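Numbering (full-length UniProt numbering), first residue to last: 1 to 317.
Encoded structure:
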């Protein structure tokens, strides 16, 4: 008989990956606890299994709730910052890479009438709209053969100049390398302040499903720290799609680290772009090796089923 996982609040779409995983592996039941009313429609999933209270903090970029930490038996976080004292407390456990997915049928079935009871209509409508636009989960088959096509689209962040610079230089490099077919660029900001990145702008804003489809075609994909050092949602999807991930060092902790020259290729400076592209474009075996190992890492540790099994095993043992 399957164990029952009781969901104690109504999380927003950030937690969709874990709701999906719990539903696949366990019996899940919504049992609203008024203690956690203020966490409805937040990137926080609060659950109970057996006599243990667990918290899954999926906030992006970074947020820590000391009150919830004290109440929980285990506090799981998407972004376990390496150099932050809050995230280095004993009950804080890191999560593997993951990304929001479309679980609308499950969302409506699980929470049912409670959605209109506990959420404002505007907030509920936004969640439904967002979930519809996300890709449904699929554990993709391994496929390493790619054309010399690069898709990269990103936002310009007001308070992240280093992230903006790295992404801008990646866009510039891909546009300048005649061996590549590049699509994408920076998404124009709503306030019109593009921080001198006019040459890197692209007028198209790609919906999540299109973004996912185009990324899957890419020979190389770039991963770098997001706002405040958070991990990008793209990383898990890149690994799932068996893509060659070129990455800057992580500022967060994973339960099991991704290894350089095995599951990903790590660099420290944008000046290393030419060397990496030369190596990948001239060495199909290396490209396949990284892509295949990255996919293996995802299949072993990052699927929704594997992640909820890790969470429950950690909180019960």
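Just so it is clear, CB atoms sit at the ideal spot from N, CA and C, and this is done for glycine as well. Just so it is clear, the structure is predicted and the values come from calculations on it, not from any experiment.
Quick check: residue 102 and residue 136, are their CB atoms within less than 7 Å of each other? Translated into positions along the chain shown, residue 102 becomes position 102. Translated into positions along the chain shown, residue 136 becomes position 136. Their beta carbons are under 7 Å apart, which means residue 102 touches residue 136 by this criterion.
Would you call the stretch 187-199 and the stretch 36-44 touching, i.e. three or more CB-CB distances under 8 Å? no
Close Cβ partners of residue 306 (< 7 Å) along its chain, the five nearest in sequence each way excluded: Along the chain shown, one-based indexing puts residue 306 at 306. Within the same chain, Cβ atoms closer than 7 Å to the Cβ of residue 306 are found at 300, the five residues on either side in sequence being excluded.
Considering only the alpha carbon of each residue, which of 184, 162, 118, 258 lies closest to residue 227? Stepping through the chain shown from its first residue, residue 227 is reached at position 227. Comparing Cα positions, the closest option is 162.
Name the DSSP bridge partner or partners of residue 260? Numbered from 1 along the chain shown, position 260 holds the residue referred to as residue 260. Residue 260 pairs with 264.
Since residue 154 sits in a beta bridge, which residues does DSSP pair it with? Against the chain shown, residue 154 aligns to sequence position 154. Residue 154 pairs with 186.
Quick one: residues in its chain with C-beta nearer than 6 Å to the C-beta of residue 110, no 5 flanking neighbours on either side, listed in chain order? Translated into the one-based positions of the chain shown, residue 110 becomes position 110. Shown here for residue 110: same chain residues with a beta carbon closer than 6 Å to its own, the five before and five after excluded, namely 30 in chain order.
Taking C-beta to C-beta, are residue 97 and residue 291 nearer than 7 Å? Here residue 97 is taken as the residue at index 97 of the chain shown, counted from 1. Here residue 291 is taken as the residue at index 291 of the chain shown, counted from 1. Taking 7 Å as the Cβ cut-off, residue 97 and residue 291 do not qualify as a contacting pair.
What residue range does the beta strand (DSSP E) around residue 229 cover? Numbered from its first residue, the chain shown carries residue 229 at position 229. Taken as a continuous stretch (DSSP letters only), residue 229 belongs to no beta strand (DSSP E), as it is neither H nor E.
For residue 144, I'd like the list of residues in its chain whose CB is within less than 7 Å of its CB, leaving aside the five on either flank, ordered along the chain. As a working mapping, residue 144 is identified with position 144 in the chain shown. For residue 144, where only same-chain residues beyond five positions count, the Cβ hits under 7 Å are 242, 287, 288, 291, 292.
Tell me the residue span of the alpha helix (DSSP H) that contains residue 130. Counting from one through the chain shown, the residue named residue 130 turns up at place 130. Note, residue 130: alpha helix (DSSP H), 121-133.
Decide if residue 142 is buried, meaning its Cβ has at least 16 other Cβ atoms within 10 Å, or exposed. The residue labelled residue 142 in the question sits at position 142 within the chain shown. Residue 142 comes out exposed.
Nearest neighbour of residue 49, chosen from 58, 63, 8 [CA to CA]: Taking the chain shown and counting its residues from 1, the one referred to as residue 49 is at position 49. The shortest C-alpha separation from residue 49 is found at 8.
In this structure, what does DSSP give as the bridge partners for residue 255? Here residue 255 is taken as the residue at index 255 of the chain shown, counted from 1. Note: residue 255 sits in no beta bridge, so no partner.
Could you give the distance in angstroms between the alpha-carbon of residue 45 and the alpha-carbon of residue 108? On the chain shown, position 45 is the one that residue 45 refers to. On the chain shown, position 108 is the one that residue 108 refers to. Cα atoms of residue 45 and residue 108: separation of roughly 16 Å, rounded to the nearest angstrom.
Starting from the C-beta of residue 24, find all residues in its chain whose C-beta is less than 8 Å away, skip the five residues before and the five after it, and write them out in chain order. The residue given as residue 24 occupies position 24 in the chain shown. Within the same chain, residue 24 has close Cβ partners 304, 305, 308.
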